[in-house]
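FYI, the numbering for the sequence shown is 4 to 258, going by the working numbering. For each residue, glycine too, the CB sits at the ideal point set by N, CA and C.
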Amino acid sequence: MMMPLAAITPVHADARVHPDAEHRRSFFTVRWLLIILASYLTVFAEDPAGAGGFHFVLASAALFTLSNLAFMVVPARYFPLKSCQLAIAITDVVFVWLTLYWIRVPEHYLHVAFMLVFLLAVIWRDIRVVLFSLFAVSVLYGAFRSFGLALFAFDPDIERFLTLSLFFIVAVFYLFLSDRLKQDALLTSIVSEERRRAEVMLEITRSISSSLQTHEILYLIVTRLCELFEARQCSIVRLDPKTRTAFVMIKAWEP
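Quick look at the structure:
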């Protein structure tokens, strides 16, 4: 006897939790904030040192804005792939490096140290890197000011250095925040999948305890397994021990 369809409550794809989609929205929101800050410090502020002209700065900001739009239209199934994440990381490095170059302190090379520290943070994302970055900013600031005052007897451009340090700290914070969002999305996905499986197994157990119809139980099991693993077709096969032949006992299709 076939199980009534009214007793089956399939879980549709629209009703499922999509932590990856939420992670993408949060990630691109943080990335937009980084782009806005970099644009403000370069395009909308006074001319950056040695930028080669306002048009180059504007072109670089527009280029990375378009890159963010391009990553946003990448299909969800391709976004977690290593190649896509590598492309995002390379784009971030180039974008941050260019911004640090545009807002660098004239006649000094402290922006190179910030570039190397940011590259280290991209490769090795650990809280110790953040602490090291903060320590590096403090030490470089002290050395920069002492060196300028002691040897050259002039007051260095502290405002530009603080602007450089601000963007550097925000860029490193963006890296670790995006990595944290990725870990939270993965954990949410695992918990949601385990919850779905537990609900399916609970319903199967209830049906087994309330029904003695073998065909009805098998139909419920194969239907739920088809939904659980998102398969188009699922079947239960029985193997005859004597003839060693298999035959399908029951089959279900995903609508």
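Next on the checklist: Quick check: what's the CA-CA separation for Ala52 versus Leu189?
Outcome noted: Here the model assigns Ala52 a pLDDT of 49, short of 50, so the residue's position is not dependable, and the following value carries that caveat. If I take the Cα positions, the gap works out to 42 Å.
Checklist entry - Does the distance from the C-beta atom of Thr102 to that of Phe170 stay below 8 Å? => result yes
Checklist entry - Since Ala249 sits in a beta bridge, which residues does DSSP pair it with? => result Leu242
Item to check | Neighbour-count burial assignment, Ile224, 16 or more Cβ in a 10 Å radius | outcome: buried
Item to check | Sequence-distant residues of its chain with Cβ nearer than 7 Å to Ile38 (five each side left out) | outcome: Phe67, Thr68 and Asn71
Checklist entry - Considering only residues of the same chain and omitting the five flanking positions on each side of Leu122, which have a CB-CB separation below 7 Å? => result Val96
Item to check | Inter-residue Cα distance where the pair is Val40 and Phe82 | outcome: In the sequence under discussion, the amino acid at residue 40 is Leu, which differs from the Val named in the question. The straight-line gap from Cα to Cα measures roughly 25 Å.
Checklist entry - Does the beta-carbon distance from Leu295 to Phe30 come in below 8 Å? => result Within the shown structure, residues of the chain are numbered from 4 to 258, placing residue 295 beyond reach of any answer.
Item to check | Phe157 burial status per 10 Å Cβ neighbour count (16 or more: buried) | outcome: Legend: pLDDT at Phe157 = 49, less than 50; position of this residue unreliable, value from coordinates given subsequently. Its Cβ having fewer than 16 others within 10 Å, Phe157 is exposed.
Checklist entry - Leu36 to Ser86, Cα distance in whole Å? => result 24 Å
Checklist entry - In this structure, does DSSP put Ile39 in helix, strand or coil? => result helix
Checklist entry - Closest to Val60 by CA distance: which of Val99, Ile93 and Ala79 is it? => result Val99
Item to check | Under 8 Å between C-beta atoms of Thr166 and Ile106 | outcome: yes
Next on the checklist: Alpha carbons only, please: which of His26, Leu44 and Val33 is nearest the one belonging to Glu162?
Outcome noted: Leu44
Item to check | Spatial distance of Ile172 from Arg200 (CA atoms) | outcome: 42 Å
Checklist entry - Rounded to whole angstroms, how far is the Cβ of Val46 from the Cβ of Ala64, which I believe are closer than 8 Å? => result 5 Å
Next on the checklist: Using the Cβ count rule (16 or more neighbours within 10 Å means buried), how would you classify Val108?
Outcome noted: buried
Checklist entry - How about Asp182 and Arg131: are their beta carbons less than 8 Å apart? => result no
Checklist entry - Could you give the distance in angstroms between the alpha-carbon of His26 and the alpha-carbon of Arg247? => result 49 Å
Next on the checklist: Can you tell me whether Met204 is buried or exposed? The criterion is at least 16 other CB atoms within 10 Å of its CB, across all chains shown.
Outcome noted: exposed
Checklist entry - Can the beta-carbon of Ala139 be found less than 8 Å from the beta-carbon of Val120? => result yes
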